[in-house]
Structures are given as C-alpha cells and as structure tokens.
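In case it helps, this note's numbering puts the first sequence at residues 34 to 456. Beta carbons: idealized from backbone N, C-alpha and C, even for Gly. Read through the structure below, which is laid out as structure tokens, and then see the notes.
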Amino acid sequence: MPLYRAPRGTQDILPEDRPYWRHVTERAHAVAALYGYEFIDTPIFEETSLFVRGVGEGTDIVDKEMYSFQDKGGDDLTLRPEFTAGVMRAYLEHGMRTRPQPVKLYSFGPIFRREKPQAGRYRQFWQFNVEAIGEMDPALDVEVMSVAWQLYEDLGFGGLSFQINSTGDPRCRPRYIEALVAYYRQHLDVLGDDDRRRLERNPLRLLDSKVPAAQPVIAAAPKITDYLCDDCAQHFARVRRYLDELDRPYAVNHRLVRGLDYYTKTVFEVYAEGIGAQNAVCGGGRYDGLIEALGGPPTPGIGFATGIERIILTMKERGIAVPGQPRPTAFVAPLGEDGKTVALKLVTDLRAAGLPALLAFGDRSLKAQLRAADRAGATYAIILGEDELAQGQAALRHMAQGTQQNVLLQDVVTFLKNDSREQ
RNA sequence: GUGACCAUAGCUCAAUUGGCAGAGCACCUGGCUGUGGACCAGGUGGUUGCGGGUUCGAGCCCCACUGGUCACCCCA
Numbered sequence: 034m035p036l037y038r039a040p041r042g043t044q045d046i047l048p049e050d051r052p053y054w055r056h057v058t059e060r061a062h063a064v065a066a067l068y069g070y071e072f073i074d075t076p077i078f079e080e081t082s083l084f085v086r087g088v089g090e091g092t093d094i095v096d097k098e099m100y101s102f103q104d105k106g107g108d109d110l111t112l113r114p115e116f117t118a119g120v121m122r123a124y125l126e127h128g129m130r131t132r133p134q135p136v137k138l139y140s141f142g143p144i145f146r147r148e149k150p151q152a153g154r155y156r157q158f159w160q161f162n163v164e165a166i167g168e169m170d171p172a173l174d175v176e177v178m179s180v181a182w183q184l185y186e187d188l189g190f191g192g193l194s195f196q197i198n199s200t201g202d203p204r205c206r207p208r209y210i211e212a213l214v215a216y217y218r219q220h221l222d223v224l225g226d227d228d229r230r231r232l233e234r235n236p237l238r239l240l241d242s243k244v245p246a247a248q249p250v251i252a253a254a255p256k257i258t259d260y261l262c263d264d265c266a267q268h269f270a271r272v273r274r275y276l277d278e279l280d281r282p283y284a285v286n287h288r289l290v291r292g293l294d295y296y297t298k299t300v301f302e303v304y305a306e307g308i309g310a311q312n313a314v315c316g317g318g319r320y321d322g323l324i325e326a327l328g329g330p331p332t333p334g335i336g337f338a339t340g341i342e343r344i345i346l347t348m349k350e351r352g353i354a355v356p357g358q359p360r361p362t363a364f365v366a367p368l369g370e371d372g373k374t375v376a377l378k379l380v381t382d383l384r385a386a387g388l389p390a391l392l393a394f395g396d397r398s399l400k401a402q403l404r405a406a407d408r409a410g411a412t413y414a415i416i417l418g419e420d421e422l423a424q425g426q427a428a429l430r431h432m433a434q435g436t437q438q439n440v441l442l443q444d445v446v447t448f449l450k451n452d453s454r455e456q
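Now the structure itself:
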C-alpha cells in the first residue's frame, strides 16, 4: 500500500494507453486543420470571476465544482472548468475582432471539475474544444458540428446519435419558460423532489429528467420550437436544411436544452453507448450572449467540447484498434566490458542516424539480453561478443525471422538504415 | 452532495464455523559456461487500503475514515 495515490478523480495515463491518446490527439489536430481552425493554448487557471461570469452563477459548475484558490498574493484563481470562457477572454484581450471573422480556434488540454468520480467522469479530464467567433451564419453552426462529426468518423465510430435543438434567444425563450412552468404546475403531483427543485431553479432542466414517473408529462410538455421567434426559427430551419443537404443523420431532441442565459439558438450533443451513464461524449452550441456578458461588444459565437477520456472509453468499448507504439530497430546486446564499450558507441551512432535503438544495461547473460530484446519488440538484436569483436563485426539477429548474419561494425548503421527503409 | 455495493502480491483472484496469508499471470534467475518466444524448475514480491474495537486468536465480526465501482444530481 503505497504512501501516496493519485488524488481522487485523477489518473495516470500509462504508456500502454499512450497509443490511444496519441491517435486521438493526432486526429483532433488533423480535423481542426482541415476545417481551418487554429490552435490556441490558454492558461490552465484564470481569475475566478471570469468563470463565474462566463459559465454563470447558479450552474453546478460554478456553485460546487470549481477548484478555486487564493494564491500567495491574494489573487482569486480557478483551475479552468471549461475552455470557452478563457478563449473568449483571449479573443477580447488580443483584440481578435480586428481579425477576419469568424475567428476559428481550437484547444486541447486538461479541464478540472470537482465532481464525484464515475466511469467516464474524472476531476481532471481532457477536452478537445472548438470555437468559432464573430459570425451568425447558420452554415457556421453546421461547420462546427461537422468538425465533431468528422472527428468521430475518422476515429472509426459509427452510429453515433447526433441530437440537435434550438434553445431560442433572450427574446423568445422567456415566453417559452413561462409556458413550460405553467404546464408543470398542472402536473406537480407526478414530480419528485429533484424535479420540483428544477422547476424553481432551472425549469429547462426538467426536460431531461430521468424520473420514470415524469416521462409521460415531459413527453407532452410544450416544445421550445413552437415558441421560437422568427429569427431563431429561421436560423434553426436553415441549420436543419444544411444538415439534410449534407446527409448528416441527426434527430431533433426537444429535451435538449442549455439553461444559461447567453446560450442561444443551436444546441447539440452526441451520445455514445456503452460507457455508462456518462454517455455525452460531446456537447456544444451557440452562445451569442457570452462575449457581451464578459464585457465585450455583442459578438456571436458557437463551439463544442468533447471529452477525450470518454472517446477513448468508447473506442475500447467498441474494440477500435489504434496504431501501436513504434518499435525499436535495434537492441544492442554486448558481452563483457569490451563489448559494452563498443555497444555504447554503436547505440549512439544508431540514434544519431535516426534509428531507435536500445542498449542492454547490467551484465546479464545473452539469454537474458535476447529475452529483453524480444520484450522490447526490437527488429534486430545486435550481439557484440568476443568472437564478433575479434573480427570487427557484429551479429545481427532478426528477431521475428530467427535468422542471423555478421556485419562489419562500421557497416551496421548503413545496413539497418537500408533495412528499415525497406519496411 | 445523496444512495448502494466493494477493497488480499504489480494484475486477476483463492483462503472451510474466526485458527500458520495462497495460486495463476507478470517480473528475475537457471535448465542451455554465447542465442529470445514454447516448456520445466526456482526466486523476488504482503504490516490483507488506514485507524480503532470485540476475541485466547481477526483477511474474515463491529465502528469510523480513505479509496474504488454503479446509479442519482450534473456533465465531457
């Protein structure tokens, strides 16, 4: 029982998981580049008030999930619980509204939320985050959704359910909420404690309640799409038309909402099956009121975030294979002190030539060294024993084939370079 | 934050009504004085998550804590 363990809700990403992380990371960067999004790296912590304003008071994130602290100078700081607020801060701070709009940015990094850990839910987890700022065109909504779409497609996911809805805007949403609350008040009898609390705090949340008894009531609840103002209705219609044109399968989900005031119009989520209750692998939407809330000029924006751990969980669940670790070309196995000196020189030359090479340490038997070469997955074991050294040679053993040949020491690098080119 | 279940070697798990902490895998070594994988043999590895209590005696029973899992809340 070790003295220390990784803090609750955090995890070590071990070498055996690296292939998944590398693959997902590479695909994310590639997709972003394909769509013309540029990488932005913002600080892992920001002023606490940025998140309080940006994420919103009354949200669970701000009310109970932030890692907030005061540093030695007394500044109130918080480990970022999401990317968007920090990216918007950077947009304003660097006057990005003077750049060609929309400004299309993406990020990739750790996020912190103090939640109770569960499968697919961690206190430190990674997100791939995409934002497009400064443009209202519904075609941009579809582009942002397509980035997520294509990432999952590239990763080999099929049959993901893409769900969309419109959450209105400050002009039409209040009217809808009023109607919704009025409707629920007629059905208080079937609502549980959680649902009654939602009714008070955040009526929109009632729509995705999981209480079985409430389901029929929810199914018959007023739909926001019936309450949208002309602007929002037209926007939503165009988004759907573009998606149809592109043959993107999606479902309009009337229960999909975002409770924050500055979320507007398009919202979307992607669910993956098989990773437990935390099955939202992607969530996003338009936030035309956010930048203004952060003290900037009225500026529309849309974005999404997707959780890397949940993506990898889903890949494992579905048995999606990823490229393995690159294996070393050579494992240099010397015998005796003379051999070790030559081996050290040889492994250095190999690496200088760009060939991944390992050196056997210690003073172990050839048998043990070959076993180590095998475990390391080396293409060749290079044996430097008395016999070989006496002739200025090295024995190159091809591990997979079990064949062996002697090569002059000074030719080893060239030999392996040619050999690895042929692979 | 709420509820339920769980915690024995690096991993997966045994251990009879409370009676000497074990196996497989992995790792190391040898069988083969210079040849990997398969096989055989041996070895390293534990304060049974932590702290109390009951008992002649606790891995096992009781309490508290910590951590894990699952669900809720919420979310990626």
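For this session: Measure the CB-CB distance between S179 and V303 and report whether it falls below 8 Å.
Result: Taking the first residue of the first sequence as position 1, residue 179 is located at position 146. Taking the first residue of the first sequence as position 1, residue 303 is located at position 270. Contact: no.
Exercise. Can you tell me the Cα-Cα spacing of C265 and I324, whole angstroms?
Worked result: Looking up residue 265 in the first sequence gives position 232. Looking up residue 324 in the first sequence gives position 291. Cα-Cα distance, rounded: 19 Å.
Problem set entry | Cβ contact check for the segment 125-138 and the segment 96-104: 3 or more pairs under 8 Å | No, the segment 125-138 does not touch the segment 96-104.
Problem set entry | As assigned by DSSP and simplified to three states, the class of D202 | Indexing the first sequence from 1 puts residue 202 at position 169. D202 falls in the coil class under three-state DSSP.
For this session: State buried or exposed for T332, treating a residue as buried only when at least 16 other CB atoms are found within 10 Å of its CB.
Result: Locating residue 332 in the first sequence gives position 299, counting from the first residue. So T332 ends up on the buried side.
Exercise. Can you check whether the CB of R404 is closer than 8 Å to the CB of A414?
Worked result: As a working note, residue 414 is residue 381 in the first sequence. As a working note, residue 404 is residue 371 in the first sequence. No, these two residues do not count as a Cβ contact at 8 Å.
Exercise. Apart from the five residues on each side of it in sequence, which residues of its chain come closer than 6 Å, Cβ to Cβ, to K256?
Worked result: As a working note, residue 256 is residue 223 in the first sequence. These residues qualify, in order along the chain: H287.
Exercise. In terms of alpha-carbon separation, which member of P52, D407, L36 and A39 lies closest to P356?
Worked result: On the first sequence, residue 356 is found 323 positions in, with the first residue counted as 1. Comparing alpha-carbon positions, the option among P52, D407, L36 and A39 lying closest to P356 turns out to be P52.
For this session: Kindly indicate which three-state DSSP category C262 falls into: helix, strand or coil?
Result: Here residue 262 is taken as the residue at index 229 of the first sequence, counted from 1. Correct three-state label for C262: coil.
Problem set entry | 7 Å CB neighbourhood of V440 in its chain, flanking five on each side removed | In the first sequence, residue 440 corresponds to position 407, counting from 1. Within the same chain, V440 has close Cβ partners Q426, A427, L429 and F448.
For this session: Return the bridge partner residues of F72 from the DSSP annotation.
Result: Locating residue 72 in the first sequence gives position 39, counting from the first residue. The partner list for F72 (beta bridge, DSSP) reads Y139.
Problem set entry | Range of the contiguous beta strand (DSSP E) that encloses N162 | Within the first sequence, the letter at position 129 stands for residue 162. DSSP places N162 in the uninterrupted beta strand (DSSP E) bounded by Q157 to I166.
Exercise. What are the boundary residues of the beta strand (DSSP E) that includes I415?
Worked result: What you label residue 415 is simply residue 382 of the first sequence in a count that begins at 1. Here the beta strand (DSSP E) through I415 covers Y413 to L417.
Exercise. Just checking, does the segment 359-377 make contact with the segment 190-207 on the three C-beta pairs under 8 Å criterion?
Worked result: The segment 359-377 vs the segment 190-207: no contact.
Exercise. Which residue from Q358, L36, G167 and Y216 puts its Cα closest to that of Y320?
Worked result: Here residue 320 is taken as the residue at index 287 of the first sequence, counted from 1. For Y320, the closest C-alpha among the options Q358, L36, G167 and Y216 is that of G167.
For this session: Taking A433 as the reference, give the member of K373, D420, R408 and R86 with the closest Cα.
Result: The sequence position of residue 433 within the first sequence is 400, counting from 1. Each of K373, D420, R408 and R86 was checked against the Cα of A433, and the nearest Cα belongs to R408.
Exercise. In three-state terms, what does DSSP make of K298?
Worked result: Sequence index remark: in the first sequence, residue 298 carries index 265 (1-based). In the structure shown, K298 sits in a strand (DSSP, three-state: E or B).
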